[in-house]
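Data first, discussion second: the structure below is written as C-alpha cells.
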Amino acid sequence: MNIVVVGSGYVGLVTGVCFAELGLRVTCMDHDAGKIDRLTMGDIPIYEPGLQNLVRFNQKAGRLSFTTEAAACIGQADAVFIAVGTPTRKGDNHADLQYIFAAARDIAPHLRGYTTVVTKSTVPVGTGRRIASVIRDVNPAASFDMVSNPEFLREGTAIHDFMRPDRVVVGAESPEAVEVMRRLYEPLTRQDVPFVVTTLETAEMAKYAANAFLAMKITFINQMADLCEVSQANVNDVAKIMGLDKRIGSKFLRAGPGYGGSCFPKDTRALAETARSLGVDLGLVSQTMTYNDTRKHKMVDRILASFQGSISGKTLAILGLTFKPGTDDMRDAASLVIVPALKAAGAHLKLYDPKGMEEAQSCLGDDAGEWCANALDTLSGADGAVLITEWDEFRALSPETIAKTLKYPVVVDLRNVYDVESMASAGVTYTSLGRPVASVLSAPVVRAKIEAL
Ligand code: UGA
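Using numbering that gives the first Met the number 0, you'd call the opening residue of the sequence shown number 0 and step up by one each time.
See the structure below:
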C-alpha cells in the first residue's frame with residue numbers, strides 16, 4: 000500500500016518512517032523545502048533515539064521518500080495521514096487548526112480514486128467532520144472517508160511506542176475505511192495489539208482524555224509532594240505504595256517541577272476550551288493547568304530558599320534544560336521559567352543539557368549563562384547545583400563526585416534523582432521534592448506533629 004504523511008514534524012516523521020519500516024511505501028510531505036532537503040539527505044532535524052537510522056535504512060530500501068509537492072504523491076495514495084501541528088491559538092486557549100485546514104485544502108484537488116484521509120494530529124472533537132467538509136468544498140467529486148487515528152507517542156521512545164502501542168484507535172464511519180486501517184496496522188495487530196474501532200468523535204476525544212488524565216496524575220503527585228514536604232512523609236514511597244494498587248498503576252507518579260512538552264500543556268488548554276465552549280465544567284483539568292503553571296515559578300522560590308534567600312553573585316550549575324530526558328525539545332520546559340528567574344535574581348549560571356544545547360541556546364538566549372560541555376564541567380567550581388531534567392548522565396554522578404566538584408556542596412534536585420541519605424553522608428546540603436531531609440528522618444518532634452494531625 001502507498002501512504003502519504005502530510006507534515007514532517009515529530010509525529011509525521013515518526014509515523015511515516017515506522018510505516019515504511021512495516022513495509023509500506025511512504026511519502027512524507029512538508030512545505031518546508033529546507034526540511035525536505037535535509038531529510039532527503041538523511042539528516043534529521045530533531046533528536047529522537049533510533050530515528051536517523053530508520054530514515055536512512057528505509058530510504059535506501061526505496062520505501063521512504065520526501066517531497067514538498069502534493070501533486071507528486073497524493074493521487075497514488077491509499078491513505079493520506081494529516082500530521083501537522085495544532086499549537087495553542089494566539090489570543091485564546093483553543094487549538095489552532097489553520098495548518099490542519101490548509102493541509103486539507105492542499106490535498107483535496109489531488110485525490111484520485113477512493114482514499115482514506117486520516118487525522119493523526121491531536122484535534123478537538125468535531126474537527127474530522129470539518130476537515131471532510133473542507134475537502135468536499137474544494138473537490139466535490141473526491142471519493143474519500145475520514146478517519147481519526149490519534150497517536151500516543153512519547154518523545155524519546157516514539158519508535159518503540161509506535162511499534163509496540165498499548166492500542167491502535169481508529170475512529171471511522173465506513174467499513175471500507177476500517178478495512179484500510181486494519182491492513183495498515185496488520186503487522187502490529189498480528190502481535191495482539193488491541194485495535195479499537197469507534198466513531199470519529201470518540202477517537203478525537205479519547206486522545207485529549209488520555210493526555211489530560213496523565214497531566215492530572217502528575218499534578219496529583221506534585222501536590223502530594225507539597226503535602227509530604229510539610230508532613231515529613233516521602234512522596235517517592237507514597238507513589239510506590241499507590242502504584243502497587245493495580246487500579247492506580249505506577250506510571251506517571253514521579254514528582255517533578257511541573258509537566259512540560261509540546262502536548263500536555265497545549266492539549267489540556269484545548270480540552271478545557273472545548274468544554275467551556277460546549278458549556279461543560281471541566282474543573283479538574285483547569286485546576287491542573289493552573290497548578291502546573293504556578294509550580295514552575297514555585298520551583299524558583301524553592302531554589303532561592305535553599306540558598307538562604309539570595310543567589311546574587313553566586314554561580315549555579317544547571318543540570319538539564321529540556322522538558323524531559325531523551326529529547327532536545329524545549330517546548331514548555333520548566334527551565335524556560337527557572338533559568339531566566341535565577342539570572343534575574345543575580346546568579347551567574349553554568350548551563351548544560353546532554354542533547355538540548357542548541358535548542359536551549361535558541362530559546363534561552365546565548366547570554367543566559369556559560370554553556371558547558373558536560374556535567375562535571377558544569378559543576379566545577381559552582382556554589383551549588385540545580386537539577387531540572389533527569390538525564391542518565393546526571394543519575395550516574397555519585398554524591399561524592401558532586402560534593403568534591405562543587406565549590407559549595409548545595410544541590411537542589413527537582414526530579415528526586417539522588418538518594419537523600421547518600422547525599423547527606425557525602426556532605427551535600429540536599430533539597431529534593433516531597434522527601435524529608437536526612438536529619439529529620441527520625442526526629443521525634445516531627446513524628447509527634449503527624450500523630451497530632
Ligand atoms: C505525551 C504523552 O505521554 C504521549 O502518550 C502523547 O502521545 C504525547 O504527549 C502527545 O500528545 O503527542 P510527551 O509529551 O512526549 O508525551 O512526554 P511525557 O513522557 O508524557 O512527559 C510529559 C511531561 O510530564 C514531561 O515534562 C515529564 O517530565 C513530565 N512527567 C512525566 C512528570 O513530571 N512526572 C511523571 O511521572 C511523568
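Glycine residues also receive a C-beta, built at the ideal position from the N, C-alpha and C atoms.
Buried or exposed by the 16-neighbour rule on C-beta atoms within 10 Å, applied to residue i
i    : result
G383 : buried
F254 : One detail in the question is off: residue 254 reads as Ala in this sequence, not Phe. Looking at its Cβ environment, which holds 16 or more other Cβ atoms inside 10 Å, A254 is buried.
L226 : exposed
N210 : buried
L252 : buried
M28  : buried
N235 : buried
P149 : buried
D144 : buried
P435 : buried
L283 : exposed
G433 : buried
P243 : Sequence inspection shows Leu at residue 243; the Pro mentioned does not correspond to that position. Its Cβ having fewer than 16 others within 10 Å, L243 is exposed.
G364 : exposed
E357 : exposed
V533 : Coverage of the chain is limited to positions 0 through 452, which leaves residue 533 absent and any answer about it impossible.
L96  : buried
K239 : exposed
M204 : buried
G380 : exposed
G6   : buried
K250 : exposed
S261 : buried
S431 : buried
Same chain only: Cβ atoms within 8 Å of residue i, ignoring 5 sequence neighbours per side
i    : result
F393 : L318, G319, A374, L386 and V416
L341 : V299, I302, I310, L315, I317, L348 and V385
S285 : A271
M215 : L283, V284 and T287
K34  : S7 and P44
Nonlocal neighbours in the same chain, by C-beta distance under 7 Å from residue i, ignoring five residues either side
i    : result
M298 : P256, A333, I337 and L413
Y184 : V167 and F194
V16  : L50, L53, V54, N57 and L63
C72  : V3, T26, M28 and T66
H93  : A269 and E272
M241 : I247 and L252
R104 : V133 and V137
A70  : H109
L152 : V10, V13, D160 and F161
A157 : V13 and E47
Close Cβ partners of residue i (< 6 Å) along its chain, the five nearest in sequence each way excluded
i    : result
A19  : V25, N57, R62 and L63
A208 : none
L23  : M0 and I2
A346 : I310, K313 and L315
W390 : G319, P324 and P353
Enclosing alpha helix (DSSP H) for residue i [first to last residue]
i    : result
I217 : L199 to E228
A78  : No alpha helix (DSSP H) contains A78, which is instead part of the beta strand (DSSP E) from A78 to I81.
S424 : V419 to S424
D292 : G282 to S305
G15  : Y9 to E20
I453 : In this structure the chain extends from 0 to 452, so residue 453 is not present and cannot be described.
F143 : Premise fails: F143 lies in the beta strand (DSSP E), F143 to S147, not in any alpha helix (DSSP H).
L454 : Look at the range of the chain in this structure, 0 to 452, and you will see that residue 454 is not part of it.
N415 : No alpha helix (DSSP H) contains N415, which DSSP labels as neither H nor E.
N233 : From DSSP, N233 is part of no alpha helix (DSSP H); its letter is neither H nor E.
T188 : E185 to T188
T39  : A32 to T39
K245 : That residue, K245, is in no alpha helix (DSSP H); it is neither H nor E in DSSP.
M162 : A157 to M162
S334 : S334 to A343
Continuous beta strand (DSSP E) stretch holding residue i: start and end
i    : result
F65  : L63 to T66
K349 : H347 to Y351
I310 : That residue, I310, is in no beta strand (DSSP E); it is neither H nor E in DSSP.
L315 : T314 to L318
A171 : V167 to A171
G383 : G383 to L386
Y429 : T428 to T430
T26  : R24 to M28
I453 : Given that the chain is displayed from residue 0 to residue 452, the structure contains no residue 453 and the question cannot be resolved.
T454 : In the structure as shown, the chain begins at 0 and stops at 452. Residue 454 is therefore absent and cannot be evaluated.
V133 : Unbroken run through V133 is the alpha helix (DSSP H), T126 to V137; no beta strand (DSSP E).
V117 : T114 to T118
Are the region 113–120 and the region 40–57 touching, with three or more C-beta to C-beta distances below 8 Å?
-> Segment contact: the region 113–120 against the region 40–57, fewer than three CB-CB distances shorter than 8 Å; contact not assigned.
Count the CB pairs spanning the region 153–165 and the region 122–130 that are closer than 8 Å, and state whether there are at least three.
-> With a cut-off of 8 Å, the region 122–130 and the region 153–165 do not count as touching, because too few Cβ pairs lie within range.
Does the count of Cβ pairs from the region 102–115 and the region 74–87 closer than 8 Å reach three?
-> Flag = yes, the region 102–115 and the region 74–87 touch.
Report yes or no: do three or more beta-carbon pairs, one from the region 424–431 and one from the region 396–412, lie closer than 8 Å?
-> In short, these stretches touch, since the Cβ pair count reaches three.
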